[in-house]
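Chains as they are written, first to last, in our numbering: chain A, 745 to 1114; chain B, 5 to 324; chain C, 391 to 561; chain D, 2 to 149. All C-beta atoms, glycine included, are put in the ideal place defined by N, C-alpha and C.
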Amino acid sequence: MKMSNMHSEQLCVNMGPQHPSTHGVLYLDLRLDGEEVVDCITHIGYLHRSMEKIAENRTYTQFIPFTDRLDYVASMNNNLAYVLAVEKLLNLDVPERAKYIRVIVAELNRIASHLLAIGTFAQDLGAFATPLFYCFREREKVIEIFDEVCGNRLTYNYMRIGGVQFDLPEGIDRRIKDFIKYMRPKINDYEGLLTNNPIFLERTKNIGILSKETAINYSITGPNLRASGVQWDLRKDEPYLVYDKFEFAIPTGKNGDMWDRYRVRMDELSQSLKIIEQAIAGIPEAQATVKAGRMIKPAAGEVYFRAESPRGELGFYIVSDGSVNPYRLKIRAPSFSNLAVLRELVKGVKVADVVGILGSLDILMGEIDR
Amino acid sequence: MVTLSSLIVMVLVVSAVLGFISASAMFLIWWERKVSAHIQTRFGPMRVGWHGVLQPIADAIKLLCKEDIVPVGVDKWVWWLAPFFVTVPAVMAFVAIPFGKNLIVQDLNLGILYIIAITSTGIFGIFMAGWGSNNKYSLLGGMRSAAQIISYEIPLLISIITVLLFSGSLSMQKIVTAQAKYWFILNPSLFVAFFVYIISATAEVNRAPFDLPEAESELVAGFHTEYSGMKFAMFFIAEYTNMFTISAIAATLFLGGWRGPLLPGPVWFLIKTYTIIFVLMWVRWTFPRVRVDQLMGFAWKVLTPISLVNLIIAGWFILK
Amino acid sequence: MAITEQIPGAEFIHKLPGGPVVLASTEKIFKWAKSSSLWPLTFGLACCAIEMIAAGASRFDIDRFGAGVFRASPRQCDVMIVAGTISVKMGECVKLLYEQMPEPKYVMALGNCAISGGIFYYDTYSVVKGTESLGIPVDVYIPGCPPRPENLFFGLMKLQEIVRKERHAAK
Amino acid sequence: MRQSKVFELIKLKFPQVSEEDLTKAVIVPQELLPAVANYLKGQDLSFDNLHCITAVDRLERIELVYIFYSFKNRQQAIVKVYLPIDAAEVESLTKFYRSADWFEREVYDLFGVKFLNHPNLARILNPQDWKGYPLRKNYTNPNLIRKP
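If you want it as structure tokens, here you go:
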């Protein structure tokens, strides 16, 4: 008798909302046949904070701190996408120096975010705490820089409409350069710890395969899309700020399995370091901010702007009616679409792979539930 | 006929063994926390006693005075008995472990068989915990552990049989005596057996990378998800005691037991045992976990054939 | 009820000469043990959870205080760190988790959202205005948005102080 | 290819569509939406990605905003559908784009737009027994305290 003909009674396991590896408050309704997943229904909304309703009652500047709390691992990138959207609405051009500063902090935050993604992914595969804590050790270095730049560890609230809150402090370029020098060999450490580990390879290769067509059809973005073999990065394809001045590659995967998604993130770490290096070298001495005023009144109109956040394309759709508050603000969060594909990916895999695939998608509940 | 004096001796020996077990388990818990912390570039417990040495004692006292929750819907008897079924075999195995030349509770002439037989019954407790908790995570953990332990028992036993071919006896003390000339691990065929034994024994005691029954990132806490307070502590102590037992067996069977120059026997025995435990900890805090089908595949497709071939080669050597 | 009263024969020990001293010191040991081994629940709600992990990670290392054993099962932990915004949908689950924890149990509200709703107090329809409004008693409030790991340690030390100063070892 | 070019192409095929003055978005009558989506996804325009669906409550009507993207042509298209507020119903796009599933559920949850023939039109962010549609301008809830 073939194994595939054997079925047992379906077991319904509720994973979450409190579960060590659901990355926050996600609730998966798993239907199991033995250890095999038959179906997985995803329930979200356990962190729904009604950001979009808040936005309608705040001025444009007042909403910046709320964007910090969307994707709280990459606050700078959220700030950035939001202020760029508002600037596009206002047709405001920011000084060159501000653009460079924005690129530097956004890329630093991308490194911090990818480190967390790699660490939690390894944790989900059962490498208990060690890779995660190694990643946190390096992440602390980035946070230290941010702490000096804007005085906070997690929610930076650093970008302003028309520039940045403060200019970079004295001597920060030295520290950033030190960090780059420190970080490069550490990437090799991770390669040694995870990449060539036979158990890790066995667990990640050819599992959770996301094909190119499915990825596009599900509107997957970011590293997950690139891992499926689509060479697409907004920083390169629709360059904003000064990304077109820098040289960097877009790492892509082949199969779109867990290992490719991990690989793409690992490669992006070094690419981000490369961008920061070039930005530090080319930063012009100038004013960092233009005065946009505290009460911003854009003309009536609509704008959709998206930027490449570490998890994918973060878009802001802002409708203005000419008053100080946005009439409607829609946040198009990358994790939202990235999570939607989970049900497709986990059919037929083992329970252990569900958490692995979830970890490899690198979702964050803050921006899914908003 | 039990006389009073033999009864007193018995009580003394039993309390000595129990005392050693709890002390050793607590030491191991502290040590594991320190080892893991230093692997992760942390310090681990520091505030409770010197470098946190009193930490496991504090933990134990705290667990002792925690509320003992009996969830609604548990299979009462099974649920109650499970921690005892896990702990008692772990303790009973100590009867036949030789700590020194004369330091053994009872040198059974079927010593190793007894230990293997006793430790395998620990699975009943785990499965009872999984079944009795009436929790799906526990059930999955219990089922995984049953499948895992049955599969790994085979390569484990075959690797031990390889040793027995060379020692010619099942008695633990005689196995140690047989290593008077050289440690068994230096024999090429037993070298292979040693690794088969260590891998299957790691799986047997549910340590990472084979810690599927209590896989935290998948099954919350596995078979002991619903246990609180002292019952949870019993699972914890049993886990560390089992770890000590398998390492002690490895030290006895392959590393010459309590034999060693200069230092007294028990010291050598403990050094060897704790070295193996340290390696197990090192592995635990470095490797990711394997998946359940890979785990079974590894046991049946890799370890069992290797150990069988190894046994045949060893037998051929001896007959030659 | 004091924990020592649960010990079999406590009344008899109390009557013996020196008995109360023994009981009192036992009580002290229990309190010491409880305060030095506060195991938190692995339970991150939102932003503050990242700082909670950071507090457990290499730089800060909450394990130094004996509180580094993050247990995923509520049955095995002593302190619930409510780290983040509680939404209306999540409220019931938080309450359930609190009820599943065995006594003696403590709650730390980490961050403004867990204290009062924080910046999500106004204009939202889906945020619970703090942990206490769910009916969960909070022992330590740690303000900040998010609080730094140092603040979490300060809160933890305050909680240890509370535990040591409790009238009875069993709550 | 610009948004206006996309509009012209759609206009050729579907004469009923019009262009919004301010935003240059393509306004599609609600009964034509599936046909337009099918055309957008087809060979001529190959908009293979439905990037986002959202809605705006304009008090008298609800505007549905569809953002399409074509990876082949590197081209974005914004399509709008005006719906009357008291009978907000439109055909679901799930049979063309899988990403529409969750986006439509979100719009249903927050604006109360009914998507016909959706495989599982249930609330996604709010609890299933939630009353009202929170992002409509006239939404009230005792929990909702206005900032003074």
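Using a C-beta cutoff of 8 Å, does residue i count as contacting chain A?
i        : result
PRO292/B : yes
ILE146/D : no
For residue i and chain D, any beta-carbon pair shorter than 8 Å?
i         : result
SER955/A  : no
LYS1074/A : yes
Would you tell me roughly how many angstroms separate the C-alpha atoms of residue i and residue j, rounded to the nearest one?
i         : j        : result
ASN118/D  : TYR109/D : 13 Å
PRO1078/A : VAL57/D  : 20 Å
GLU982/A  : TRP976/A : 10 Å
LEU122/D  : ALA101/D : 11 Å
SER506/C  : SER516/C : 14 Å
ASP72/B   : GLN490/C : 11 Å
TYR134/D  : ALA457/C : 43 Å
SER26/B   : GLU243/B : 12 Å
TYR926/A  : ILE471/C : 34 Å
ILE164/B  : TYR201/B : 7 Å
LYS12/D   : LYS6/D   : 10 Å
ALA499/C  : SER477/C : 15 Å
LEU824/A  : MET903/A : 6 Å
LEU1058/A : ILE798/A : 18 Å
GLN17/D   : ARG124/D : 33 Å
Does the CB of residue i have a neighbour CB from chain C at under 8 Å?
i         : result
ARG99/D   : no
VAL313/B  : no
GLY1103/A : no
PRO809/A  : yes
GLY77/B   : no
SER1081/A : no
VAL15/B   : no
ASN142/D  : yes
GLY966/A  : no
GLN762/A  : yes
ASN822/A  : no
The alpha helix (DSSP H) that contains residue i, what's its start and end?
i        : result
ALA78/D  : Premise fails: ALA78/D lies in the beta strand (DSSP E), 76-85, not in any alpha helix (DSSP H).
HIS42/B  : 8-43
TYR244/B : 233-258
ASN502/C : 502-505
LEU876/A : 874-894
GLY301/B : 296-301
Residue i and residue j look like a contact to me (Cβ under 8 Å); what is the Cβ gap, rounded to whole Å?
i         : j         : result
GLU796/A  : THR24/D   : The Cβ separation is near 19 Å, so there is no contact.
ARG854/A  : ASN821/A  : 7 Å
VAL908/A  : ARG846/A  : 7 Å
VAL296/B  : ALA1051/A : The Cβ separation is near 41 Å, so there is no contact.
VAL1085/A : THR958/A  : 7 Å
SER149/B  : ASN210/B  : 6 Å
SER1064/A : PRO1042/A : 5 Å
Is there a Cβ from chain B that is less than 8 Å from the Cβ of residue i?
i        : result
GLU946/A : yes
LYS555/C : no
ALA559/C : Reliability of the predicted coordinates at ALA559/C is poor, the pLDDT of 49 falling under 50, and no value is obtained from them.
MET391/C : The predicted model places MET391/C with a pLDDT of 40, which falls under 50 and marks its position as unreliable; any figure quoted below should be read in that light. By this cut-off, MET391/C is not an interface position.
ILE419/C : yes
THR939/A : no
Check whether chain F comes within 8 Å of residue i, counting only Cβ atoms and requiring the distance to be less than that.
i        : result
GLY145/B : Structure shown: chain F not included; protein chains present are A, B, C and D.
Start and end of the beta strand (DSSP E) containing residue i?
i        : result
SER137/B : Neither: SER137/B is in no beta strand (DSSP E) and is coded neither H nor E.
LEU860/A : Unbroken run through LEU860/A is the alpha helix (DSSP H), 840-868; no beta strand (DSSP E).
THR55/D  : 50-58
Residues of the segment 460-483 of chain C in Cβ contact with chain D at a cutoff of 8 Å, in chain order, please. VAL478, LYS479
When you check each C-beta in the segment 765-790 of chain A against every C-beta of chain D, which residues fall closer than 7 Å?
ILE788, GLY789
Exercise for the section: With 8 Å as the limit, tell me which residues of the segment 903-920 of chain A have their beta carbon closer than that to any beta carbon of chain B; keep them in chain order. Expected result: Answer in chain order: no residues at all.
Listed in chain order, which residues of the segment 507-518 of chain C have Cβ atoms closer than 9 Å to some Cβ of chain A?
-> ILE509, PHE510, TYR512, ASP513, THR514, TYR515, SER516, VAL517
Inset, instruction - Can you give me, in chain order, the residues of the segment 966-986 of chain A that have a beta carbon less than 9 Å from any beta carbon in chain D? - result: Per Cβ criterion, the list reads VAL974, TRP976, ASP981, GLU982.
key: chain D contacts made by the segment 1021-1051 of chain A, where a contact means CB separation under 9 Å   = ALA1044, GLY1045, GLU1046, VAL1047, TYR1048, ARG1050
What residues in the segment 877-894 of chain A have a beta carbon less than 8 Å from any beta carbon of chain B?
Sequence-ordered contacts of the segment 877-894 of chain A with chain B read PHE877, TYR878, ARG881 [C-beta pairs closer than 8 Å].
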